[in-house]
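In short: position in the first sequence from 1, add 4, done, that's this note's numbering.
C-beta atoms are modelled at their ideal positions from N, C-alpha and C, and glycine is treated no differently.
Working notes, structure below.
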Amino acid sequence: MTRLSEYLLPTEREPPADAEAVSHKLMVRAGLIRQVGAGLWSFLPAGWRVHQRAVQIIREEIDAIGGQEMLMPVLQPAEPWRRTGRLDIEELFRLHDRRGAEMVLAMTHEEVVTLHVAQVVRSYRDLPLILYHFQVKERDEPRPRAGVLRTREFIMKDSYSFDRDPEGLAAAYEKHITAYDRVFDRCELEWYRVESDVGMMGGLGAHEYMAPCPAGENEIALASGYAANVEVASALAAPVEPQPALDPPEAVETPGLTTVDQVSHALGVPAGALLKAYPVITAGRGMVMVLVRGDHRVNDVKLRNTLGESFRPAHQEEVTQRIGPAGFIGPVDADVPILLDQACADSEGGYVAGASRPDFHLRGVRPGRHFAFEAVDVRRVEAGDTVGGQPLRIEPAIEVGNIFKLGTRYSQALDATYLDEAGTEQLIWMGSYGIGPARIAAAAVEQCADEHGIAWPRPLAPFDVQLVAIARPGSREREAADRLYAELRETGLEVLYDDRDAGPGEKFADAELLGCPLRATVGRRTLESGRLEVQVRRGLAARDLPLQNAAAGVAELWRSLP
RNA sequence: CGGGGCGUGGCGCAGCCUGGUAGCGCGCGGCAUUUGGGGUGCCGAGGACGCCGGUUCAAAUCCGGCCGCCCCGACCA
5 MTRLSEYLLP TEREPPADAE AVSHKLMVRA GLIRQVGAGL WSFLPAGWRV HQRAVQIIRE
65 EIDAIGGQEM LMPVLQPAEP WRRTGRLDIE ELFRLHDRRG AEMVLAMTHE EVVTLHVAQV
125 VRSYRDLPLI LYHFQVKERD EPRPRAGVLR TREFIMKDSY SFDRDPEGLA AAYEKHITAY
185 DRVFDRCELE WYRVESDVGM MGGLGAHEYM APCPAGENEI ALASGYAANV EVASALAAPV
245 EPQPALDPPE AVETPGLTTV DQVSHALGVP AGALLKAYPV ITAGRGMVMV LVRGDHRVND
305 VKLRNTLGES FRPAHQEEVT QRIGPAGFIG PVDADVPILL DQACADSEGG YVAGASRPDF
365 HLRGVRPGRH FAFEAVDVRR VEAGDTVGGQ PLRIEPAIEV GNIFKLGTRY SQALDATYLD
425 EAGTEQLIWM GSYGIGPARI AAAAVEQCAD EHGIAWPRPL APFDVQLVAI ARPGSREREA
485 ADRLYAELRE TGLEVLYDDR DAGPGEKFAD AELLGCPLRA TVGRRTLESG RLEVQVRRGL
545 AARDLPLQNA AAGVAELWRS LP
């Protein structure tokens, strides 16, 4: 029974004053979600229907690869988190129960699922396993934003695979790729599977599923045949005009000129003819000078992965003491290891670099001749770079899913082992795989909205058809609408029946805001003409069907939608 | 964590500078009218202005503290 006169669907003419993102504005305006606090949202009935439609699609596809659905608690003892070293993660909510025991609110479920498997799995015969659940995740995000796009509490489908060896893990990973590709195809999102950072946990490989849209918080680098998170992307830099190398390099006075911009202007060379020095400190290596081309930027994630350890930018005093005055440091005669970005290591010619003394730069510095270096790829890719000869573009995107080869990190920490055929104890190889249904919904809104409101992909729409009655209670038109409502429901379509005592303008506007794929209108015209007017939400195209057997006609039209 | 902004009926806002007891639009309730694009008229309900404290005869308005929310950045297993 879904009569709008009895249904909680509080639509608003105005978006919340503080909303920026399209999905934030429209999901609130359409009556799908309401805010409770920073990063805390309720799904109202229609919004929850969308969420659950995404959930069901995910469930079907994970079941299809052999996943077994279960449910694990959000409130958990802290101890396993201590064992895996995750207890001190900033985003983790920690609390105490009444007896003072340390508890956490789970941000994912690796600890608990691994404990279960550790307890239950004994033999290689018990493997492989794919276990999953839909459960609330709690994360004390430093900055929740944009409605349901980044929240502190959200439901995630997280699955975990358990295998006897890396080959098994690879197979489980491949299965998830299959399932995920199907999930996002079925949700009719525009999406990319991109290479992503494995993070400090040092996983064996990871991909993210990214839905491009302006409100996205991530950036993806795309070229024909290539897709990667900008955090890890590699590409060939657009070349710059080579400058001559000089022997020895020529010292030029650059009083007070410390930025790339200032120096390149003063010397009349492009920014790409400069070497930019980025001194960092690591625990293992002490100070390291990272050099990138003047028009490039260091990518911290790539640098960290290259170093194999975390780092921090060197403080100014450390730089001054070890190399020279900030703004004028360079690689020549510097007493620190030098990492030179590949884009410079490859090119011929000389560069302008700091002279490591106040108010001077050196011109004509040639890597390899004037300083020794290790070539690395640590720069952030830029639009216009190329991959395999294809130009690269960079787009914002929402991360709607990720897949991650964990390896044995958790099984080791939590003693998840099995006995192989030889009776030898072996560590279980694990993978973890997440999808956020709420983000799927928000991404769909972002990608499919127009100036009238949401235009849901058919599989996610809260209802298949919105039936609008332009008729008074008791009128012939109303009777016809009531009849059609019943007939439509018999076809199996999910129907929202706008039987409110309101004007046509309001009803049409609300229907377009909510964005069901089809809108059928019954009014005076309908009975006069004997034809049912149906509007396809995508493009607002008007169709018209014989009133005789109209329900079947609507159902068929619905099925035929692209 | 750094920077910026905001907090006044359900929503969107004005009033604050220059203190004098709260207003507009939409929405909401009733009646009438209207029924193919948020129509019209009349009547009506609803807020002691985020919280606490201070100044003052008098505070939404001035001062202090706190809380909450948003945006940008940092951060984001």
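*Please go through the stretch 351 to 433 and give each complete alpha helix (DSSP H) segment of 4 or more residues, from N-terminal end onward.*
413 to 418
*Under the assumption that A110 contacts V78 (Cβ atoms under 8 angstroms), give the Cβ distance between them as a whole number of angstroms.*
Mapped onto the first sequence, residue 110 falls at position 106. Mapped onto the first sequence, residue 78 falls at position 74. With a Cβ gap of about 5 angstroms, A110 and V78 count as contacting.
*asked:* Less than 7 angstroms between C-beta atoms, sequence neighbours within five positions excluded: which residues of the same chain meet that for A387?
replied: Start at 1 with the first residue of the first sequence, and residue 387 comes out as number 383. Hits under 7 angstroms: L396, R397, I398.
*Thinking just about the alpha-carbon of each residue, which of V526, I432, N222 is nearest to the one in Q123?*
Mapped onto the first sequence, residue 123 falls at position 119. Among V526, I432, N222, the Cα nearest to that of Q123 belongs to I432.
*How is the beta strand (DSSP E) around N233 delimited, first residue to last?*
Mapped onto the first sequence, residue 233 falls at position 229. Here the beta strand (DSSP E) through N233 covers 230 to 233.
*Under the criterion of a Cβ to heavy atom distance below 8 angstroms, does L518 qualify as lining the ligand ATP?*
With respect to the ligand ATP, the structure shown offers nothing to examine, as it has no ligands at all.
*What are the boundary residues of the beta strand (DSSP E) that A446 is part of?*
Mapped onto the first sequence, residue 446 falls at position 442. Not the beta strand (DSSP E): A446 falls in the alpha helix (DSSP H), residues 441 to 452.
_Buried versus exposed, by CB contacts within 10 Å (16 or more), Q60_ = Within the first sequence, residue 60 is the residue found at index 56, counting from 1. Its Cβ having fewer than 16 others within 10 Å, Q60 is exposed.
*Taking only the alpha-carbon atoms, compute the straight-line gap between G457 and I37 and give it to the nearest angstrom.*
Here residue 457 refers to the residue found at position 453 when the first sequence is read from its first residue. Here residue 37 refers to the residue found at position 33 when the first sequence is read from its first residue. For G457 and I37, the distance between alpha carbons rounds to 15 angstroms.
*Can you give the beta carbon distance from E223 to V234, rounded, assuming they're within the 8 angstroms contact cut?*
Start at 1 with the first residue of the first sequence, and residue 223 comes out as number 219. Start at 1 with the first residue of the first sequence, and residue 234 comes out as number 230. The Cβ separation is near 4 angstroms, so the contact holds.
_Contact belief for D67 with L240 at Cβ below 8 angstroms, rounded distance in angstroms_ = Mapped onto the first sequence, residue 67 falls at position 63. Mapped onto the first sequence, residue 240 falls at position 236. Actually they do not touch by this definition, with Cβ atoms about 43 angstroms apart.
*If you run the structure through DSSP and keep just helix, strand and coil, what is Q325?*
On the first sequence, position 321 is the one that residue 325 refers to. Looking at Q325 - three-state DSSP - the assignment turns out to be helix.
*Who are Y184's beta bridge partners in DSSP?*
For the purposes of this step, residue 184 is identified with residue 180 of the first sequence, where counting begins at 1. Answer by DSSP bridge pairing: none, since Y184 is not bridged.
*Is Y489 helix, strand or coil by DSSP?*
Here residue 489 corresponds to residue number 485 of the first sequence, with the count starting at 1. Three-state result, Y489: helix.
*Where does D345 land, buried or exposed, given buried means 16+ other C-beta within 10 angstroms?*
By 1-based counting over the first sequence, the position of residue 345 is 341. Buried, by the Cβ-count rule.
_Nearest candidate by alpha-carbon position, reference L278, set D299, F166, M293, E194_ = Within the first sequence, residue 278 is the residue found at index 274, counting from 1. Nearest neighbour of L278 by Cα position, chosen from D299, F166, M293, E194, turns out to be D299.
*What's the call for M214, buried or exposed, on a 16-neighbour Cβ count within 10 Å?*
What you label residue 214 is simply residue 210 of the first sequence in a count that begins at 1. A buried status is given to M214, since no fewer than 16 other beta-carbon atoms sit within 10 Å of its beta-carbon.
*Could you have a look at I62 and say whether DSSP puts it in helix, strand or coil?*
Here residue 62 is taken as the residue at index 58 of the first sequence, counted from 1. Three-state result, I62: helix.
*Unbroken beta strand (DSSP E) run spanning G290, endpoints*: Locating residue 290 in the first sequence gives position 286, counting from the first residue. That run of the beta strand (DSSP E) goes 290 to 297.
*Assumed close pair L295, K280 - CB separation to whole angstroms, cut-off 8 angstroms*: As a working note, residue 295 is residue 291 in the first sequence. As a working note, residue 280 is residue 276 in the first sequence. With a Cβ gap of about 7 angstroms, L295 and K280 count as contacting.
*asked:* Quick check on this structure: which residue in T525, V499, K29 has the alpha carbon closest to the alpha carbon of P508?
replied: As a working mapping, residue 508 is identified with position 504 in the first sequence. Looking at T525, V499, K29, the one whose alpha-carbon comes closest to that of P508 is T525.
*Residues bridged to L536 by DSSP?*
Residue 536 sits at position 532 when you count from the first residue of the first sequence. Looking at the DSSP assignment, L536 forms a beta bridge with L549.
*In three-state DSSP terms, what is R542?*
The residue given as residue 542 occupies position 538 in the first sequence. Correct three-state label for R542: helix.
_CB of A515 within 9 angstroms of CB of V558, strictly_ = In the first sequence, residue 515 corresponds to position 511, counting from 1. In the first sequence, residue 558 corresponds to position 554, counting from 1. Contact flag unset, no.
*Name the residue from T112, L30, R7 whose alpha carbon lies nearest to the alpha carbon of E18.*
Taking the first residue of the first sequence as 1, we reach residue 18 at position 14. Nearest of T112, L30, R7 to E18, Cα basis: L30.
*Do the stretch 526 to 533 and the stretch 479 to 491 touch if we need at least three Cβ pairs shorter than 8 angstroms?*
Contact between the stretch 526 to 533 and the stretch 479 to 491 is present: 3 or more CB-CB pairs across the two stretches fall below 8 angstroms.
*Pick helix, strand or coil for V526, following the three-state DSSP scheme.*
Translated into the one-based positions of the first sequence, residue 526 becomes position 522. It is a strand residue.
*Going by Cα to Cα distance, which pick from A357, D167, A21 is closest to L250?*
For this step, residue 250 is matched to residue 246 along the first sequence. Measuring from the Cα of L250, the nearest candidate turns out to be A357.
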